[in-house]
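One structure is given here, and the rest of the page talks about it.
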Amino acid sequence: MYTCGPTVYSHAHIGNFRAYIFEDLLQRHLESRGFKVERVMNLTDVDDKTIRGSRDANLPLREFTAPFKQAFFQDVDTLQIKRAEAYPAATEDRFLKDMILMIEKLIALGLAYQAEDKSVYFRINRFPEYGHLAHFDLSELRSTGRVKSDEYDKEHVGDFALWKAWDDEDGDVWWESPWGRGRPGWHIECSAMATALLGEELDLHCGGVDNIFPHHEAEIAQSEGCSGKQFVRYWLHCAHLLVDGQKMSKSLGNFYTLRDVLAKGYSGREVRYALIRVHYRAPLNFTWEGMEEARQALTRIDEWLRRLREAAAKADAAEQINDDKFGAALDDDLNISAALGHLFEQIRESNRELDAGIAPARAKGLLEWWQRINQVLAFAAEEEKLPQEIAQLVEERQQARLARDWRKSDELRQQLQARGWEVRDTAEGPVVTRRLSTSA
Ligand code: AMP
Ligand code: ZN
C-alpha cells in the first residue's frame, strides 16, 4: 500500500490528516481481516515550496524541513495513525539514484525527452492511457490554453517535468544528473520510491482526490511506461475536508493545523473521531459543532466502557459476542458511518442490559468485543491520560473533600469545569470526563 505523504514546508493541516486517517482506517480494517499490510508513505522535502521556505528562513533546505518532518510524526502519533513501514524522503541519495535511473529508462524508451530549457519531460502523446484514471480528455488540455506552452519548450502543454533543470531560484539546491544540475519532479519521486520499496506492482495506492490529476496519472505513466506492468490494482481517493463548502487548503488560508485544534482544548482522539466518522468518498465539512459532537460521542463510549468495566470486575470467563456488523459495514467500501451506527446501537442495547443488571461474563464479553473493534477505530479510550494540571486539580479537590472543605471542593470543581472537565464522585473515587458544552 502506497500513500502520498506531506510536503514538509509547514505543518500539515487537518485536511491532510483526513486523508491519512482514512488510509489508516483502511490499513487497520484490512489487518483486522487478516491481511498483512506493508505501507509506505513518502515525504516531499524538495519542491518549489520547500525551496522558497528555506530561502525565506535563510536556512539550508535540510535544516528548514527537519522540524516539519518531526512535527508531522508527532501529529501522526497524536492522531493514533499507525506508523508506515517506511517514510522515504525525496532527497535521500539512494532514491535520487532510482529516480535518475527511471528517467534514463523513459528517455531510452522514447517516453521522455530533454527540452531546450534543459529540463526532462514525459512525452504524454506516447502513452495512450494517460488521462484514463481521471477520465480526462487530452485534447481538452490542449484547447484550454491556460498553460502557456511557450513558457517551456515542451512538445505538448500536458508534458510534465521528470527532472527540473537548476535555475537561480533554486540557490544551492541541486543534484548532478546526466542532464546537468537540477532536481527531480514531484511525480517521479513517488514512482521511484514506491517501486524501490514495494516493487513494480502495488495492491493499493491512496491519496486525496486532488492527487488524481496530474499526480497519480503521472505516476501511472512513469511506472507503467518503465515496467510494462499494471502499477496499481486499486486506487482509493478520499473527498476533501471542507470549510464553508470550500476545500481546506494552505493556498486559500482557510486551514487549521492539528496544533490549532488542540490549542482550543480538543484532544487527538476527538480530532480523529471528527475526521474518521464520514465515508471517505463523501466531502466532510469541518465545524466546531462537529468537534463538539465528536467529544459527545467519545464521552458516551467512555461512560459505557466505565460501566462495563465495573460490571465485569467479578467475571471469570467472558461470553463470546458474535456480532460482526461493524466489520461487515467496513467490508462494504469502508462504510464507517454504518459501522459507527452499529457500535452505538450496541451501546444503546447494552446500556439497557446494564440498567437491568447485566451478567458479569456478558459485560466482559462486550469489553472484548470493543477491544476488537477498537483495533480499527483506535480511539485510545483506555489510555488517555489526564493532563497534569487537571490531575492535580482533581487531587486537590479530593484532599479538600477528605478535609470536608466543601467550599474549596466546589471552587475546584468550577475550575475544572472552566477548563473543560467534569468530575463526578463515585464509590471508587472521582471520575473525570470531558465536559460537554450545553449547546451540543
Ligand atoms: P499535499 O501536502 O498538498 O500534497 O497533501 C497531502 C495529502 O493530503 C494528499 O493526499 C492530498 O490529497 C490530501 N489533502 C490535501 N488537502 C486536503 C483536504 N482539504 N481534504 C482531504 N485531503 C486533503
Ligand atoms: Zn505521490
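Each residue of the sequence shown is one higher than the one before, counting from 74 in this note's numbering. Where a beta carbon is used, it is the ideal one built from N, C-alpha and C, also for glycine.
One residue after another in chain order, those with a Cβ under 5 angstroms from a heavy atom of the ligand ZN are Cys77, Cys263.
Residue state for Val344 is assigned as helix, using DSSP reduced to three classes. Counting the other CB atoms within 10 Å of its CB gives Trp443 a total of 16 or more, which places it among the buried residues. Here Gly502 is exposed: its Cβ has fewer than 16 other Cβ atoms, across all protein chains shown, within 10 Å. In this structure, Ser83 has its beta carbon at no less than 7 angstroms from each heavy atom of the ligand AMP. Glu441 is positioned such that its CB atom lies closer than 8 angstroms to that of Ala391. Between the beta-carbon of Met114 and that of Gly78 there is about 4 angstroms, and that keeps the pair under the 8 angstroms contact cut.
For Pro140, the enclosing alpha helix (DSSP H) starts and ends at 134-151. The beta carbon of Val449 lies closer than 6 angstroms to those of Arg101, His102, Ser105 in the same chain, with the five residues before and after it left out. For the pair Ser127 and Phe137, the CB atoms are nearer than the 8 angstroms cut-off.
Residue burial is scored here from C-beta neighbours: Thr360 has fewer than 16 other C-beta atoms within 10 angstroms and is therefore classed as exposed. Environment of the ligand AMP, chain-ordered: Cys77, Pro79, Thr80, Gly88, Asn89, Arg91, Ala92, Gly280, Gly281, Asp283, Asn284, His313, Leu314, Lys320, Met321, taking every residue with Cβ within less than 5 angstroms of a heavy atom. In the three-state reduction of the DSSP assignment, Gln448 falls in the helix class, which pools H, G and I. Nearest to Glu242 by alpha-carbon distance, out of Lys398, Ile124, Asn284, is Ile124. The beta carbon of Glu462 sits closer than 8 angstroms to those of Arg492, all from its chain and outside the five residues before and after it, given in chain order. Taking a cut-off of 8 angstroms on C-beta distances, the segment 161-175 does not touch the segment 200-209, as fewer than three cross pairs fall below it. Residue state for Asn115 is assigned as coil, using DSSP reduced to three classes. Ranking Leu184, Leu179, Glu111, Leu132 by CA distance to the CA of Arg156 puts Glu111 first. Residue Gln393 holds the alpha-carbon nearest to the alpha-carbon of Ala432 among Val344, Gln393, Asn447, Cys311.
With distances taken between CA atoms, Gly255 lies nearest to Ala234 out of Ile349, Leu275, Ala234, Ala269. In this structure, His260 lies away from Val282, with their beta-carbon atoms at least 8 angstroms apart. For the pair Lys178 and Cys299, the Cα-to-Cα distance works out to about 7 angstroms. DSSP places Glu365 in no beta strand (DSSP E) but in the uninterrupted alpha helix (DSSP H) bounded by 361-385. Taking 8 angstroms as the cut-off, the Cβ atoms of Tyr346 and Phe452 count as close. The beta-bridge partner set that DSSP reports for Val305 consists of Leu275. Contact between Leu116 and Val81 is confirmed by a C-beta separation of about 6 angstroms, below the 8 angstroms threshold. In this chain, the beta strand (DSSP E) harbouring Arg507 covers 502-507. Our two residues, His278 and Arg373, have alpha carbons roughly 35 angstroms apart in a direct line. According to the DSSP assignment, Gly255 belongs to the beta strand (DSSP E) that extends over 255-257.
A check of alpha carbon separations from Arg508 across Leu489, Ala500, Arg480 identifies Leu489 as the nearest. Judged by their CB atoms, Tyr93 and Ile154 are nearer to each other than the 8 angstroms cut-off. The beta carbons of Lys191 and Gly258 sit about 13 angstroms from each other, so the pair does not count as a contact at 8 angstroms. Taking 8 angstroms as the cut-off, the Cβ atoms of Phe200 and Ala185 do not count as close. Here Ala234 carries a strand assignment [DSSP, helix/strand/coil].
Taking Arg486 as reference, the option from Val496, Gln303, Arg474 with the minimal CA-CA separation is Val496.
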